[in-house]
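Participant: Once you've had a glance at the structure underneath, I'll fire off some questions.
What follows is the structure in structure tokens.
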């Protein structure tokens, strides 16, 4: 949706925004001082539950229910899956070529995935032994690497890297094997409360080990097992919960929006992915005693897992729902099953739009201060960091003046793609980092709205959405979004 189609939402909001003014004032009062902005914004942080490097629907299956990964049958699996785990037969390196990183069961045998080329980012090789676990995946999850190497140019911090990997690369004389690594330091160490943490260097916005042919030099020279575990794991995200191991594909993968309908089902490779060594980055665990859902509703973990099944089933029953309508479906299920009243204001779309405006205004303010207080040149931030902040500021400024609810309908296949992302977000508990289900789903919807506003094609949507994810993972921006949690909550409560 372009400018004249959107209209001037900003002017439509000018009157009636009084209810949000106190929140905006308190939000701005909580913003860091200008001097505190520079380190956080211009150095994107590593993803909270791991991240950067390098599809979807089983025919005949409902798109919301989950089934044991690898099950290619047409019928939907029950919403609950029994978990029967056995020890892994030993560490294996399933991502024979997964080139980039990450945050946080019996698989039916599947056709072996053949490597197309040594060092191709994102490819996977077949498991070395029969699968031994049951994994929970969004129904119809599919993926394959497109070889775009966008994960190697992600803009994320390339770390933390386990010490064993750094030691092995040093002992292998990687600087002699790969001359670009010898022209300048190829890694750095940062001190943390638990000891030094390593990060790979970037050159012109890309990993120092990315070759001109978009292949991984470490993989080609020393083998896939020599790469950092984050590179071998990406784009998979694993989360351990009481019923088993959740496995989803991260939307930060630039090829997911192209592969989610046509690639092979995710499943046979998951045991190898889970078995990757993670000395410094264990698989994320989700086992809180209680789960905050919406204002006034906090439930025990066991009850939340039941609710999660009901929410996913409701999404499965509405596969054609647009993003805001899908969120409204979640809201209705919670209201009915838990017997809680979620009152709506007289004009819910207006209230939701005001919430969006509040968040974007805070982000625009922060990025504007960063750009004002930094200078290029010696001692300043790298050019690519300033360019990222400048582009993000421009995108947010434009969106703040135009985003409004109700959303314009997304065309296919974007509607189906965002439906998959929402189901993955719920199943992988992606909302948890934002404090509650309402706030986390509100953040998810804001990201979809932001990308949709700027999208002219599926590729544009995916690219802008990845920028939103990158921005949200920045330490400072994440802190601002947490300060704006009332607005994220209101977006969940009022969007339709």
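Numbering (the working numbering), first residue to last: 14 to 509.
Just so it is clear, CB atoms sit at the ideal spot from N, CA and C, and this is done for glycine as well.
Does the contact criterion of 3 or more C-beta pairs under 8 Å hold for the region 311-324 versus the region 271-287?
Facilitator: No, because fewer than three Cβ pairs between the region 311-324 and the region 271-287 fall closer than 8 Å, the two stretches do not touch.
Participant: Taking DSSP as the reference, what is the three-state secondary structure of residue 262?
Facilitator: As a first step, residue 262 is located in the chain shown; it is residue number 249 there, counting from the start. Strand.
Participant: Could you tell me which of 417, 276 and 446 sits nearest to residue 364, measuring between CA atoms?
Facilitator: For this step, residue 364 is matched to residue 351 along the chain shown. Nearest C-alpha to residue 364: 417.
Participant: Alpha carbon to alpha carbon, what distance is there between residue 185 and residue 325?
Facilitator: Reading the chain shown from its first residue, position 312 is the one you call residue 325. Reading the chain shown from its first residue, position 172 is the one you call residue 185. The alpha-carbon atoms of residue 325 and residue 185 are separated by roughly 48 Å.
Participant: Going by DSSP in three states, residue 357 sits in which element: helix, strand or coil?
Facilitator: Position 344 of the chain shown, counting from 1, holds the residue named residue 357. Coil.
Participant: Between which residues of its own chain and residue 345 is the CB-CB distance below 7 Å, once the five residues before and five after are set aside?
Facilitator: Counting from 1 along the chain shown, the entry for residue 345 is found at position 332. Nothing listed; no residue qualifies.
Participant: Flag this pair as yes or no: are the beta carbons of residue 522 and residue 486 separated by less than 9 Å?
Facilitator: This structure leaves residue 522 out entirely; the chain is present only between 14 and 509.
Participant: So within the region 211-256, which uninterrupted alpha helix (DSSP H) runs reach at least 4 residues, ignoring any that extend past its ends?
Facilitator: 230-235 and 242-246, all fully within the region 211-256.
Participant: Go to residue 177, then tell me how far its alpha helix (DSSP H) extends in each direction, as first and last residue.
Facilitator: Against the chain shown, residue 177 aligns to sequence position 164. Unbroken alpha helix (DSSP H) run through residue 177: 176-184.
Participant: Please name the residue, chosen from 445, 230 and 453, that lies closest to residue 252 on a Cα-to-Cα basis.
Facilitator: For this step, residue 252 is matched to residue 239 along the chain shown. If we check each option's Cα against that of residue 252, 445 comes out closest.
Participant: According to DSSP, is residue 307 helix, strand or coil?
Facilitator: As a working mapping, residue 307 is identified with position 294 in the chain shown. Residue 307: strand per DSSP, three-state reduction.
Participant: Suppose you measure from the CA of residue 381 to the CA of residue 188; what does that come to, to the nearest Å?
Facilitator: Residue 381 sits at position 368 when you count from the first residue of the chain shown. Residue 188 sits at position 175 when you count from the first residue of the chain shown. Using only the alpha carbons, I get a separation of about 40 Å.
Participant: What residues in its chain sit with their C-beta under 6 Å from that of residue 327, if we drop five residues either side in the sequence?
Facilitator: Here residue 327 corresponds to residue number 314 of the chain shown, with the count starting at 1. Around residue 327: 342 and 346.
Participant: Could you pull the start and end residues of the beta strand (DSSP E) that residue 151 belongs to?
Facilitator: As a first step, residue 151 is located in the chain shown; it is residue number 138 there, counting from the start. Start and end: 148-151.
Participant: Output the boundary residues of the beta strand (DSSP E) element that contains residue 452.
Facilitator: Working through the chain shown from its first residue, we reach residue 452 at position 439. Not the beta strand (DSSP E): residue 452 falls in the alpha helix (DSSP H), residues 450-467.
Participant: When you compare each of 260, 211 and 156 to residue 275 by their alpha carbons, which one comes out closest?
Facilitator: Within the chain shown, residue 275 is the residue found at index 262, counting from 1. Ranking the options by Cα distance to residue 275, first place goes to 156.
Participant: Look at residue 368 and residue 501 and say whether their C-beta atoms are less than 9 Å apart.
Facilitator: As a first step, residue 368 is located in the chain shown; it is residue number 355 there, counting from the start. As a first step, residue 501 is located in the chain shown; it is residue number 488 there, counting from the start. Cβ atoms of residue 368 and residue 501: closer than 9 Å.
Participant: Got a sec: is the Cβ-Cβ distance from residue 434 to anything in chain B below 9 Å?
Facilitator: Checking the listed chains, one finds no chain B in this structure; it contains a single protein chain.
Participant: Check for me: the beta strand (DSSP E) holding residue 207 runs from which residue to which?
Facilitator: Position 194 of the chain shown holds residue 207. No beta strand (DSSP E) contains residue 207, which DSSP labels as neither H nor E.
Participant: So the candidates are 355, 432 and 409; which of them puts its Cα closest to the Cα of residue 337?
Facilitator: By 1-based counting over the chain shown, the position of residue 337 is 324. Closest option to residue 337, Cα to Cα, is 432.
Participant: Going by DSSP, name the residue or residues bridged to residue 171.
Facilitator: The residue labelled residue 171 in the question sits at position 158 within the chain shown. Answer is 213, bridged to residue 171.
Participant: For the alpha helix (DSSP H) that residue 159 lies in, which residues bound it at each end?
Facilitator: Mapped onto the chain shown, residue 159 falls at position 146. Here residue 159 belongs to no alpha helix (DSSP H), and DSSP marks it neither H nor E.
Participant: Identify, in the order they occur along the chain, each residue of the same chain with its Cβ nearer than 7 Å to the Cβ of residue 301, setting aside the five sequence neighbours on each side.
Facilitator: Translated into the one-based positions of the chain shown, residue 301 becomes position 288. If we look at residue 301 and ignore the five residues flanking it on each side, its Cβ neighbours are 314.
Participant: Between the alpha carbons of residue 495 and residue 307, how many angstroms are there, rounded?
Facilitator: The sequence position of residue 495 within the chain shown is 482, counting from 1. The sequence position of residue 307 within the chain shown is 294, counting from 1. Answer to the nearest angstrom: the Cα atoms are 16 Å apart.
Participant: Would DSSP call residue 491 helix, strand or coil?
Facilitator: Residue mapping note: residue 491 aligns to position 478 of the chain shown, counting from 1. In this structure, residue 491 counts as helix in the three-state DSSP scheme.
Participant: Given that a residue counts as buried once 16 or more other Cβ atoms are within 10 Å of its Cβ, and exposed if not, what is residue 385?
Facilitator: Position 372 of the chain shown, counted from the start, is the residue given in the question as residue 385. Looking at its Cβ environment, which holds fewer than 16 other Cβ atoms inside 10 Å, residue 385 is exposed.
Participant: Just to confirm, is the Cβ distance from residue 162 to residue 235 under 9 Å?
Facilitator: On the chain shown, position 149 is the one that residue 162 refers to. On the chain shown, position 222 is the one that residue 235 refers to. Result no, Cβ atoms of residue 162 and residue 235 do not sit closer than 9 Å.
Participant: In the structure shown, what three-state DSSP assignment does residue 350 receive?
Facilitator: Here residue 350 refers to the residue found at position 337 of the chain shown. Note: residue 350 maps to helix in three-state DSSP.
Participant: Are the beta-carbon atoms of residue 256 and residue 318 separated by less than 9 Å?
Facilitator: Start at 1 with the first residue of the chain shown, and residue 256 comes out as number 243. Start at 1 with the first residue of the chain shown, and residue 318 comes out as number 305. Cβ distance < 9 Å, so residue 256 and residue 318 count as in contact.
Participant: Where DSSP assigns a beta bridge to residue 298, which residues make up the other side?
Facilitator: On the chain shown, residue 298 is found 285 positions in, with the first residue counted as 1. In the DSSP output, where bridge partners are listed per residue, residue 298 has 253.
Participant: Taking the DSSP output, what are the residues bridged to residue 278?
Facilitator: Locating residue 278 in the chain shown gives position 265, where the first residue counts as 1. Answer is 155.
Participant: Using DSSP's beta-bridge definition, name the partner residues of residue 192.
Facilitator: As a first step, residue 192 must be located in the chain shown, where it is residue number 179. In DSSP, residue 192 forms no bridge with anything.
Participant: Going straight from the alpha carbon of residue 204 to that of residue 289, what length do you get?
Facilitator: Numbered from 1 along the chain shown, position 191 holds the residue referred to as residue 204. Numbered from 1 along the chain shown, position 276 holds the residue referred to as residue 289. Using only the alpha carbons, I get a separation of about 25 Å.
Participant: Suppose contacts are defined by Cβ-Cβ distances below 9 Å. Is residue 451 in contact with residue 506 by that definition?
Facilitator: As a first step, residue 451 is located in the chain shown; it is residue number 438 there, counting from the start. As a first step, residue 506 is located in the chain shown; it is residue number 493 there, counting from the start. Cβ atoms of residue 451 and residue 506: closer than 9 Å.
Participant: Starting from residue 476, follow the alpha helix (DSSP H) in both directions and report where the run begins and ends.
Facilitator: If you number the chain shown from 1, residue 476 lands on position 463. Segment 471-486, the alpha helix (DSSP H) holding residue 476.
Participant: Assuming residue 404 is part of the alpha helix (DSSP H), what are its boundary residues?
Facilitator: Within the chain shown, residue 404 is the residue found at index 391, counting from 1. Looking at the DSSP string, the run of the alpha helix (DSSP H) that includes residue 404 is 396-413.
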